[in-house]
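Visitor: For the working numbering, count along the sequence shown from 1 and bump the result up by 119. Think of the CB as a built atom: it goes at the ideal place given N, C-alpha and C, for glycine as much as any other residue. Because the structure is a prediction, the values reported are computed rather than measured.
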Amino acid sequence: MVNLLKPLLAIYLFICLVSCAANPNQSGEFDSDSANPATVTASRQPTQSTSPVSTTAPQLPATILDTTLPTTAGRKIKVAAGADGARNFQTALDQAKPGDVILLEAGATYLGNFTLPKKSGNEWIIIRSTASDAQLPAQGTRITPKYVNFLPKLITTNADPVIKTAAGAHHYRFIGIEFSVTATTPVTYDLLQLGSGAQTSMAEVAHDLIIDRCYLHGSATANLRRGIALNSAHTSVIDSHISDCHEKGADSQAICGWNGPGPFKIVNNYLEGAGENVMFGGADPKIANLVPSDIEFRRNHCFKPLAWKKNEAIYAGEPWSIKNIFELKNARRVLIEGNLFENNWVDAQSGVAILFTVRNQDGTAPWSIVEDVTFSNNILRHVAAAINILGRDNNNESQQVQRIKIYNNLIYDVGGKQWGGNGVFLQISDTRQVSVDHNTVVHRGNIITGHGRANEGFVFTNNFLPHNEYGVIGDGVGPGNPTIAKYFSKPTFKRNVLAGGRASLYPADNFFPANLDDLEKAEKNFNLPTTSQFKNAGTDGKDIGCDLNQLAKDIGMIEPKL
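(1) Where does I685 land, buried or exposed, given buried means 16+ other C-beta within 10 angstroms?
(2) Output the distance between the C-alpha atoms of L459 and Y389, rounded to the nearest integer angstrom.
(3) Whose C-alpha, out of G226, T234, D203 and L222, is nearest the C-alpha of D213?
(4) Pick out the complete beta strand (DSSP E) segments inside the stretch 382–446, 3 residues or longer, and give them in chain order.
(5) Return the first residue and the last residue of the alpha helix (DSSP H) that I547 is part of.
(6) Report the CB separation of T249 from L230 in whole angstroms; it is logged as a contact under 8 Å.
(7) By DSSP's criteria, H562 is part of a beta bridge. Which residues make up the other side?
(8) Quick check on N430: buried or exposed, where buried means 16 or more other Cβ atoms within 10 Å of its Cβ?
(9) Taking the alpha carbon of A369 as the point to measure from, which residue in G597, L273 and N443 has its own alpha carbon closest?
(10) With DSSP as the reference, identify every bridge partner of P585, one or two as the case may be.
(11) From the DSSP output, in three-state form, read off A472 for me.
(12) I need the boundaries of the beta strand (DSSP E) containing I455, first residue and last residue.
(13) Beta carbon of L343, beta carbon of G376: below 8 Å?
(14) L343 bridges to which residues according to DSSP?
(15) Output the boundary residues of the beta strand (DSSP E) element that contains R500.
(16) Can you grab the Cα-Cα spacing for the pair Q480 / T340, in whole Å?
(17) With a threshold of 6 Å on Cβ separation, who are the neighbours of Y589 within its own chain once the five nearest residues in sequence on each side are excluded?
(18) Need the endpoints of the alpha helix (DSSP H) that A352 sits in, please.
(19) Locate the alpha helix (DSSP H) running through N668, then write down its first and last residues.
(20) Ordered along the chain, which non-local residues of its own chain (more than five positions away) have a Cβ less than 6 Å from that of Q546?
(21) Could you pull the start and end residues of the alpha helix (DSSP H) that Y526 belongs to?
(22) Within a Cβ cutoff of 7 Å, which residues of the same chain sit near K672, ignoring the five residues on either side of it in sequence?
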């Protein structure tokens, strides 16, 4: 049996260094960009995008939202708190004109449920704390709970959202607000309801909404199904903290969208969700042919606290329903880049962390699809299994999953006693044009599990990972070439390091060292040492495995030092 203990210990040294740079309770490590490659105009009605012409490489989001803070020339409306605070705030929302700023008292509490009305005009209405800019984190810096004394508190006392949008409401931006619940109801469904799951036309869709440096949370014991229901258009969630989204016996998410067209910008947030931290799909859209599209998901920290995990020393005793970290069931043109995903274990499901699994959830949306997804420069760790890609819904009619790129990721601590599960890196079925390239993976199960129909145009290149017992294996066939022949149509499988595997079982032009010693000997950032045979040995002339320098740059962390 190949002894992988020494290189695994070496990788855990890197784990500790990365952890120092990405503490789940800190804010400064992930900064959102101030400049964007594309912007959107300030005035438009939402439109539904269509599927692009098929290409091998996934399409990137067609629109990147500009979240630059606008200059406002309207009134400043200060809202008194106290017994009439809730009525005062709703009155201010009703009377505000585009360009106005509504000021809520820092540290004050406003109990109630509030609606954002539809206004004419395209200037922004800003709702923010009376705290000074110096008392809040700077633009582009993630907020943390330590700022609570400077945040006005909007709290729901029932099952209804704190904030919801009227049909067609638009151009609202919240800055430095705390949103929360009381524990007096069995469940609160959404803290923020942006758009509606019941809307049936694009004219009803709320749009141009920004949640900026806000703190959204449930409590340690309350059932909160969602932090944000994201069924809107042209909506951004930036530099915010969303936590304690959990429910017993039902799915719960920090952010979930299914009936809004996008585009969406979700950048530089801390996100806790028990069922799924983030999900698109999960219920059929009421708007015909709608696919949530043009989703920018970057530099977020998706985390499940071990206080939610049974048999942990710090388990808090609440049996929340735990499933996955990030899931796409109906989505198009999604960029998932520079994120930290961690902690997912066997509970209500098998513990797979990342799912690209198309679902016509209720049988009324046969147009459902997952396509044009780029998953790059992420860290995924401490999970039962890594990635599952399901090409077609096995319950209801759907479109086929296509054009997914999994590139330059560091994935480790997959499977094992603490997390349970099968430790598989990739489970895949019936897809088109999936590319897996330049990833470094440390896992305890299969490299690839194939099942169902064959995958067309599959590319697996330049990856560095242990072979483990079965390596690449599919249902009903042996490992290696028999599985590749049955489950992959005309694949490209080359220049991978499958440590501990047998060359005779696999296509030519791959590497089979006895162990992961080159990772053990790696220089700072775990790039390969200059003496490694895998240096500059990739199909593109680059080192095999993940480029840790590029990863650290894109994930926004200080470069780890040994």
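Guide: Once the coordinates are examined:
(1) No information on residue 685 is available, as it lies outside the stretch 120 to 681 that the chain covers here.
(2) Residue 459 sits at position 340 when you count from the first residue of the sequence shown. Residue 389 sits at position 270 when you count from the first residue of the sequence shown. Approximately 10 Å between the Cα atoms of the pair.
(3) As a position in the sequence shown, residue 213 is number 94, starting the count at 1. For the residues G226, T234, D203 and L222, the minimum Cα distance to D213 belongs to T234.
(4) 383–386, 395–399, 412–417 and 420–422
(5) Looking up residue 547 in the sequence shown gives position 428. Counting along the chain, I547 falls outside any alpha helix (DSSP H), though it belongs to the beta strand (DSSP E) covering L545 to S548.
(6) Position 130 of the sequence shown, counted from the start, is the residue given in the question as residue 249. Position 111 of the sequence shown, counted from the start, is the residue given in the question as residue 230. Their Cβ separation, rounded to whole angstroms, is 18 Å, which puts T249 and L230 out of contact at 8 Å.
(7) What you label residue 562 is simply residue 443 of the sequence shown in a count that begins at 1. Paired residues: V533.
(8) Against the sequence shown, residue 430 aligns to sequence position 311. Result: exposed.
(9) Numbered from its first residue, the sequence shown carries residue 369 at position 250. Of the listed residues, the one whose Cα sits closest to A369 is N443.
(10) Numbered from its first residue, the sequence shown carries residue 585 at position 466. In DSSP, P585 forms a bridge with A618.
(11) One-based indexing of the sequence shown puts residue 472 at position 353. A472 falls in the strand class under three-state DSSP.
(12) Locating residue 455 in the sequence shown gives position 336, where the first residue counts as 1. Its beta strand (DSSP E) spans residues A450 to E456.
(13) The count along the sequence shown starts at 1 and reaches residue 343 at position 224. The count along the sequence shown starts at 1 and reaches residue 376 at position 257. Not in contact: L343 and G376 (Cβ atoms no closer than 8 Å).
(14) Here the question's residue 343 lines up with position 224 in the sequence shown. According to DSSP, L343 bridges with T307.
(15) Mapped onto the sequence shown, residue 500 falls at position 381. I498 to V502 is the span of the beta strand (DSSP E), which, as asked, contains R500.
(16) Taking the sequence shown and counting its residues from 1, one reaches residue 480 at position 361. Taking the sequence shown and counting its residues from 1, one reaches residue 340 at position 221. The straight-line gap from Cα to Cα measures roughly 29 Å.
(17) Looking up residue 589 in the sequence shown gives position 470. Same-chain partners within the cutoff: N565 and P598.
(18) Here the question's residue 352 lines up with position 233 in the sequence shown. Careful: A352 lies outside any alpha helix (DSSP H), inside the beta strand (DSSP E) at A352 to I357.
(19) Within the sequence shown, residue 668 is the residue found at index 549, counting from 1. Unbroken alpha helix (DSSP H) run through N668: L667 to I674.
(20) By 1-based counting over the sequence shown, the position of residue 546 is 427. Result list for Q546: N507 and T568, in chain order.
(21) The residue given as residue 526 occupies position 407 in the sequence shown. Per DSSP, Y526 belongs to no alpha helix (DSSP H); it is in the beta strand (DSSP E), Q521 to Y526.
(22) Here residue 672 refers to the residue found at position 553 when the sequence shown is read from its first residue. Contacts found: none.
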